[in-house]
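There are 4 protein chains.
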Amino acid sequence: MSDTIDLLRRQVADLHQELVRYGLVVWTAGNVSARVPGEDLLVIKPSGVSYDELTPENMILCDLHGNVVEGEHAPSSDTAAHAYVYRHRPDVGGVVHTHSTYASAWAARGEPVPCVLTAMADEFGAEIPIGPFALIGDDSIGRGIVETLDGHRSPAVLMKSHGVFTIGKDARAAVKAAVMCEDVARTVHVSRQLGEPLPIAQADIDRLNFRYQNVYGQRPAAQ
Amino acid sequence: MSDTIDLLRRQVADLHQELVRYGLVVWTAGNVSARVPGEDLLVIKPSGVSYDELTPENMILCDLHGNVVEGEHAPSSDTAAHAYVYRHRPDVGGVVHTHSTYASAWAARGEPVPCVLTAMADEFGAEIPIGPFALIGDDSIGRGIVETLDGHRSPAVLMKSHGVFTIGKDARAAVKAAVMCEDVARTVHVSRQLGEPLPIAQADIDRLNFRYQNVYGQRPAAQ
Amino acid sequence: MSDTIDLLRRQVADLHQELVRYGLVVWTAGNVSARVPGEDLLVIKPSGVSYDELTPENMILCDLHGNVVEGEHAPSSDTAAHAYVYRHRPDVGGVVHTHSTYASAWAARGEPVPCVLTAMADEFGAEIPIGPFALIGDDSIGRGIVETLDGHRSPAVLMKSHGVFTIGKDARAAVKAAVMCEDVARTVHVSRQLGEPLPIAQADIDRLNFRYQNVYGQRPAAQ
Amino acid sequence: MSDTIDLLRRQVADLHQELVRYGLVVWTAGNVSARVPGEDLLVIKPSGVSYDELTPENMILCDLHGNVVEGEHAPSSDTAAHAYVYRHRPDVGGVVHTHSTYASAWAARGEPVPCVLTAMADEFGAEIPIGPFALIGDDSIGRGIVETLDGHRSPAVLMKSHGVFTIGKDARAAVKAAVMCEDVARTVHVSRQLGEPLPIAQADIDRLNFRYQNVYGQRPAAQ
């Protein structure tokens with residue numbers, strides 16, 4: 001148990017460096033969490049600590065209502081949203097939140113990113129949808145995430161006027177979704193600056209998504 | 001006293017690397033200063049020295065009229081503006097100036113950045129306002145900064161046709177404001193390229209700002 | 001023979017770092033391959049392995065139908081397209097595939113990049129053409145690449161709604177074409193955002209291309 | 001004499017890293033040269049050699065007609081243009097050429113960058129002008145640079161459909177001009193994407209330029 005938590009502390013701390021590497025975050029905005037499998041616990045970034053200073057030791061262990069179980073710092077101010085997702089989506093093992101530029105630009109207009117790239121069909125299987133405007137401080141953000149992604153293929157939701165939340169079977173998959181979300185939000189934005197991207201037929205989106213989710217990558221440890 | 005100044009020399013030298021890291025500056029443009037608490041003194045970057053060569057030792061100690069007290073180089077050519085701010089805003093402990101791309105692009109149009117992102121409501125609590133066109137060489141720039149920010153929640157001002165000045169309780173807070181200013185100036189720019197970002201209700205801006213300024217981050221040493 | 005393959009394993013592994021350096025790829029998207037000269041074999045990236053973890057040893061050796069000859073991982077999911085190109089273009093020694101942002105943005109609109117820069121005339125000798133929309137899983141992508149580039153000066157093709165494939169006499173030349181493709185796709189995009197780039201006369205494009213392909217660089221080992 | 005040349009070899013090799021650092025070049029495009037003071041000689045980058053492999057030793061020494069005096073490689077294919085500038089502008093000690101994205105985007109439209117930023121007034125003192133379309137291979141490019149910059153305050157010229165050439169009293173000043181040229185070309189581009197940047201009165205441009213060229217930086221070793 002304690003070994004699992006130690007591993008997750010290291011993994012969550014390290015995955016924040018992927019947010020930095022891909023330019024998804026500035027200063028201390030943005031956070032990654034992981035569910036502790038089989039426990040009502042999650043591991044998350046401390047609030048207001050810079051990415052250079054994140055270590056396995058200063059990650060925060062919380063229960064699934066966001067109460068600190070172990071840790072010297074306050075947890076990310078987005079912990080309530082992460083916790084809500086874990087409580088309502090038992091299939092989710094990782095959650096990521098960023099204000100990455102292009103995804104947030106779509107979110108600021110309240111406009112979903114249309115699925116006009118084969119890589120988007122692969123990873124998202126559909127448009128990247130818009131969630132409601134929601135204030136921090138209660139369950140509004142978490143509920144907006146869960147309700148928007150419910151029954152949706154996309155592991156990413158653009159919260160209106162705010163930024164992105166992504167989910168995954170583990171923290172690494174959620175980080176991958178955050179990286180890919182910004183990448184396709186940027187490419188589709190750039191494409192639309194000079195005209196309309198061509199649509200992809202729904203049947204082709206379906207075929208691409210099915211193949212990617214079932215065939216791509218190394219087996220058995222896909223991703 | 002001398003220990004405090006030594007610490008500030010190191011802090012100011014190091015904080016310039018944050019300007020580099022976040023791409024806010026090229027060559028030698030841009031500068032950070034810190035007030036020496038309880039003294040009529042400030043620590044600032046030397047003029048025309050490259051970011052690679054900044055050390056605690058070559059930072060310049062000036063009085064609050066921009067006269068050099070200690071230092072082998074000339075101080076930043078923006079020292080008069082920094083000094084003016086410290087003379088007229090006793091609550092300010094740090095000042096930053098950059099020509100960061102997106103903020104300067106709004107400044108070149110003389111157009112404030114509208115508050116259409118929750119992260120902007122958090123950090124700026126309002127639009128990022130425009131200050132007057134002012135020439136270097138007397139108190140015009142400093143006065144423009146102070147008059148524009150007087151009674152404004154925003155710690156950043158876009159000086160018309162010029163660039164950004166930010167203030168903070170210390171140099172680190174002013175650097176954070178400069179980083180966030182460019183980040184939101186970029187996101188709102190990108191969003192507006194393809195339509196109009198949705199407004200956020202004033203009451204929601206007020207709520208977000210109050211919460212962020214009073215609750216966010218680690219206590220007691222919040223951000 | 002085995003020495004040649006070892007050299008190609010190292011070269012292909014290393015060249016992936018150029019894709020990272022020039023920002024052409026995120027996560028595990030994008031791949032480089034090289035033909036084994038004189039053999040019906042190619043060396044290619046493993047599928048779904050991150051760029052940090054690529055080594056000469058984990059590159060995959062395949063035959064020219066994409067069957068693994070040597071390697072512990074599955075080969076890139078784009079291997080069939082690479083293999084098709086090698087089978088039908090005996091002059092090609094290297095193939096690269098990316099979803100680089102600006103090239104993919106043109107591809108998403110199905111619009112070729114017009115030849116309006118002397119550097120484009122040098123390297124591409126013409127517009128960068130659009131290939132058909134094609135699904136992964138059979139020879140459609142490979143055939144689309146070969147048919148589009150047949151008799152075309154450009155070593156790059158923008159596959160509709162997908163991304164870029166480039167070819168070269170060896171893997172390094174194909175990587176160079178991928179880097180230059182994104183560079184000119186970006187510059188022409190940016191130029192067109194504020195008006196129409198000036199055309200270059202066909203005779204000048206011809207002169208520039210002839211000179212560059214025959215005179216530029218170090219001799220005898222050009223590029 | 002030989003010591004001076006050794007110093008210039010090192011300086012020119014090192015300054016190419018500034019082109020890389022500021023993202024002005026990809027692959028092997030772009031080059032820096034320096035005049036050997038008091039001699040009819042220049043030091044320049046070899047052709048088609050990657051930036052990682054540039055060393056003081058592989059820099060090329062040429063006469064002012066571009067003939068190699070010392071060096072194992074061919075000199076940059078732009079050597080004739082550099083040499084022409086040195087022959088006709090005895091005040092010039094350094095020349096830089098790049099295809100940097102935003103400057104080249106203005107060049108592709110044949111449109112000068114208007115002087116709408118105080119930093120542009122400082123460094124360029126005017127718009128950044130457009131030079132003629134000119135083919136490589138004779139003196140056309142060199143002549144276009146010299147004729148365009150003759151009597152112009154700007155140390156940068158945008159060669160139509162091509163890229164940027166900058167000049168300076170030494171190679172470092174020319175590199176600074178190339179860095180600042182891309183920076184202001186980008187900021188003015190971004191500003192114009194959402195409206196018209198405000199003009200700066202000519203008298204203010206004159207004042208800013210005079211002050212910057214005569215007062216800014218460290219004395220006596222300005223820059």
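Going line by line, the protein sequences match chains A, B, C and D. Using full-length UniProt numbering, you'd call the opening residue of the first sequence number 1 and step up by one each time. Using full-length UniProt numbering, you'd call the opening residue of the second sequence number 1 and step up by one each time. Using full-length UniProt numbering, you'd call the opening residue of the third sequence number 1 and step up by one each time. Using full-length UniProt numbering, you'd call the opening residue of the fourth sequence number 1 and step up by one each time. From the three backbone atoms N, C-alpha and C, an ideal C-beta is built for every residue, glycine too.
*Inside the segment 17-91 of chain D only - beta strand (DSSP E) runs reaching at least 3 residues*: 31-36, 41-44, 60-63, 68-70
*asked:* Excluding the 5 residues flanking residue 50 (chain D) on each side, which residues of the same chain have their C-beta closer than 8 Å to its C-beta?
replied: Position 50 of the fourth sequence holds residue 50 (chain D). 27, 28, listed in sequence order.
*Would you identify the three-state DSSP class for residue 124 (chain D), choosing helix, strand or coil?*
Counted from its first residue, the fourth sequence places residue 124 (chain D) at position 124. If DSSP states are grouped into helix, strand and coil, residue 124 (chain D) belongs with coil.
_Here's the rule: buried if 16 or more other CB atoms are within 10 angstroms of the residue's CB, otherwise exposed. What is residue 124 (chain C)?_
What you label residue 124 (chain C) is simply residue 124 of the third sequence in a count that begins at 1. Counting Cβ neighbours within 10 Å, residue 124 (chain C) comes out buried, since at least 16 surround it.
*asked:* With a threshold of 8 Å between beta-carbons, can residue 111 (chain B) be considered close to chain D, or not?
replied: Position 111 of the second sequence, counted from the first residue, corresponds to residue 111 (chain B). Interface residue, yes.
*asked:* Just to make sure I have the definition right: I need the residues of chain A whose C-beta is within less than 9 Å of the C-beta of residue 155 (chain B). Which are they?
replied: As a first step, residue 155 (chain B) is located in the second sequence; it is residue number 155 there, counting from the start. Under the 9 Å cutoff, chain A gives no residues; its nearest Cβ is about 14 Å from residue 155 (chain B).
*In terms of alpha-carbon separation, which member of B:104, B:38, B:20 lies closest to residue 53 (chain B)?*
To locate residue 53 (chain B), count along the second sequence from 1; it is residue 53. For residue 53 (chain B), the nearest C-alpha among the options comes from B:20.
*How would you call residue 210 (chain D), buried or exposed, if buried means at least 16 neighbouring beta carbons within 10 angstroms?*
Locating residue 210 (chain D) in the fourth sequence gives position 210, where the first residue counts as 1. Residue 210 (chain D) is exposed by the Cβ-count criterion.
*Taking a cut of 8 Å between CB atoms, which residues from the segment 185-218 of chain A lie near chain B?*
189, 192, 193
_Identified DSSP bridge partners for residue 103 (chain B)_ = Position 103 of the second sequence, counted from the first residue, corresponds to residue 103 (chain B). For residue 103 (chain B), which the question treats as bridged, DSSP gives no partner whatsoever.
*Could you work out which residues of chain D lie near residue 99 (chain B), taking near to mean beta carbons separated by less than 8 Å?*
The count along the second sequence starts at 1 and reaches residue 99 (chain B) at position 99. Residues of chain D passing the Cβ test: 117, 119, 183, 187.
*Less than 8 Å separating the beta-carbons of residue 24 (chain B) and residue 179 (chain B)?*
Here the question's residue 24 (chain B) lines up with position 24 in the second sequence. Here the question's residue 179 (chain B) lines up with position 179 in the second sequence. Result yes, Cβ atoms of residue 24 (chain B) and residue 179 (chain B) sit closer than 8 Å.
*Would you be able to state if there are at least three C-beta pairs under 8 Å between the segment 165-173 of chain D and the segment 99-109 of chain D?*
no
*Give the straight-line distance between the Cα atoms of residue 91 (chain C) and residue 172 (chain C), rounded to the nearest whole angstrom.*
Your numbering for residue 91 (chain C) matches position 91 in the third sequence. Your numbering for residue 172 (chain C) matches position 172 in the third sequence. Each residue's alpha carbon lies about 14 Å from the other.
*Compare the C-beta of residue 12 (chain A) with all C-beta atoms of chain C and state if any pair is closer than 8 Å.*
Mapped onto the first sequence, residue 12 (chain A) falls at position 12. Not closer than 8 Å to any Cβ of chain C, the Cβ of residue 12 (chain A) fails to qualify, so no.
*Taking three-plus beta-carbon pairs below 8 Å as touching, is the segment 31-41 of chain C in contact with the segment 2-14 of chain C?*
yes
*Just the C-alpha distance for residue 121 (chain A) and residue 80 (chain C), rounded to the nearest angstrom, thanks.*
Residue numbering aside, residue 121 (chain A) sits at position 121 when the first sequence is read from its first letter. Residue numbering aside, residue 80 (chain C) sits at position 80 when the third sequence is read from its first letter. Taking the straight line from one Cα to the other gives about 20 Å.
*Check whether the Cβ atoms of residue 86 (chain B) and residue 42 (chain B) lie closer than 8 Å to each other.*
Counting from 1 along the second sequence, the entry for residue 86 (chain B) is found at position 86. Counting from 1 along the second sequence, the entry for residue 42 (chain B) is found at position 42. Going by C-beta atoms, residue 86 (chain B) is nearer than 8 Å to residue 42 (chain B).
*asked:* Strictly below 7 Å CB to CB, what residues from chain B border residue 104 (chain A)?
replied: In the first sequence, residue 104 (chain A) corresponds to position 104, counting from 1. Here the neighbours are 117, 187.
*Name, please, each residue of chain A whose Cβ falls closer than 7 Å to the Cβ of residue 176 (chain B).*
For the purposes of this step, residue 176 (chain B) is taken as residue 176 along the second sequence, with counting starting at 1. Here the neighbours are 27.
*Give the secondary structure of residue 152 (chain B) by DSSP, where H, G and I count as helix, E and B as strand, and everything else as coil.*
Position 152 of the second sequence, counted from the start, is the residue given in the question as residue 152 (chain B). Reduced to three states, the DSSP call for residue 152 (chain B) is coil.
*Count the other CB atoms within 10 Å of the CB of residue 221 (chain D); is the residue buried (16 or more) or exposed (fewer)?*
Taking the first residue of the fourth sequence as position 1, residue 221 (chain D) is located at position 221. Low confidence applies to residue 221 (chain D): its pLDDT is 36, below 50, so where it sits in the model is not reliable, and the reading given next is rough at best. Label assigned to residue 221 (chain D): exposed.
*asked:* Rounded to whole angstroms, what is the Cα-Cα separation between residue 127 (chain B) and residue 142 (chain B)?
replied: Counted from its first residue, the second sequence places residue 127 (chain B) at position 127. Counted from its first residue, the second sequence places residue 142 (chain B) at position 142. Near 20 Å, if we compare the C-alpha coordinates of residue 142 (chain B) and residue 127 (chain B).
*Buried or exposed by the 16-neighbour rule on C-beta atoms within 10 Å, applied to residue 57 (chain C)*: The sequence position of residue 57 (chain C) within the third sequence is 57, counting from 1. Result: exposed.
*residue 136 (chain A) by DSSP, collapsed to three states: which one?*
Locating residue 136 (chain A) in the first sequence gives position 136, counting from the first residue. Coil.
_Range of the contiguous alpha helix (DSSP H) that encloses residue 167 (chain D)_ = For the purposes of this step, residue 167 (chain D) is identified with residue 167 of the fourth sequence, where counting begins at 1. From DSSP, residue 167 (chain D) is part of no alpha helix (DSSP H) but of the beta strand (DSSP E) over 163-168.
*Flag residue 137 (chain C) as yes if its beta-carbon sits less than 8 Å from any beta-carbon of chain A, otherwise no.*
The sequence position of residue 137 (chain C) within the third sequence is 137, counting from 1. Yes, residue 137 (chain C) counts as interfacial toward chain A.
*Whole angstroms is fine: what's the gap from residue 46 (chain A)'s alpha carbon to residue 31 (chain A)'s?*
As a working note, residue 46 (chain A) is residue 46 in the first sequence. As a working note, residue 31 (chain A) is residue 31 in the first sequence. Near 9 Å, if we compare the C-alpha coordinates of residue 31 (chain A) and residue 46 (chain A).
*Below 8 Å, can you find three or more Cβ-Cβ pairs linking the segment 60-74 of chain A to the segment 130-145 of chain A?*
no
*Which residues in chain D sit within 7 Å of residue 161 (chain B), going by Cβ to Cβ distance?*
Taking the first residue of the second sequence as 1, we reach residue 161 (chain B) at position 161. Chain D residues near residue 161 (chain B): 116, 117, 118, 198, 200.
_Helix, strand or coil at residue 15 (chain B) [DSSP, three-state]_ = Counting from 1 along the second sequence, the entry for residue 15 (chain B) is found at position 15. Helix, per DSSP.
*Express the C-alpha separation of residue 66 (chain B) and residue 109 (chain B) in angstroms, rounding to a whole number.*
As a first step, residue 109 (chain B) must be located in the second sequence, where it is residue number 109. As a first step, residue 66 (chain B) must be located in the second sequence, where it is residue number 66. Roughly 30 Å separates the two Cα atoms.
*Can you check whether the CB of residue 197 (chain D) is closer than 8 Å to the CB of residue 184 (chain D)?*
If you number the fourth sequence from 1, residue 184 (chain D) lands on position 184. If you number the fourth sequence from 1, residue 197 (chain D) lands on position 197. Result no, Cβ atoms of residue 184 (chain D) and residue 197 (chain D) do not sit closer than 8 Å.
*Partners in chain A for residue 224 (chain B), counting only beta-carbon separations shorter than 9 Å*: Any question about residue 224 (chain B) goes unanswered here, given that chain B covers just 1 to 223.
*Rounded to a whole number of angstroms, what is the C-alpha to C-alpha distance between residue 177 (chain A) and residue 129 (chain A)?*
The residue given as residue 177 (chain A) occupies position 177 in the first sequence. The residue given as residue 129 (chain A) occupies position 129 in the first sequence. The straight-line gap from Cα to Cα measures roughly 13 Å.
*Can you give the beta carbon distance from residue 161 (chain D) to residue 118 (chain C), rounded, assuming they're within the 8 Å contact cut?*
Residue 161 (chain D) sits at position 161 when you count from the first residue of the fourth sequence. Residue 118 (chain C) sits at position 118 when you count from the first residue of the third sequence. The Cβ separation is near 6 Å, so the contact holds.
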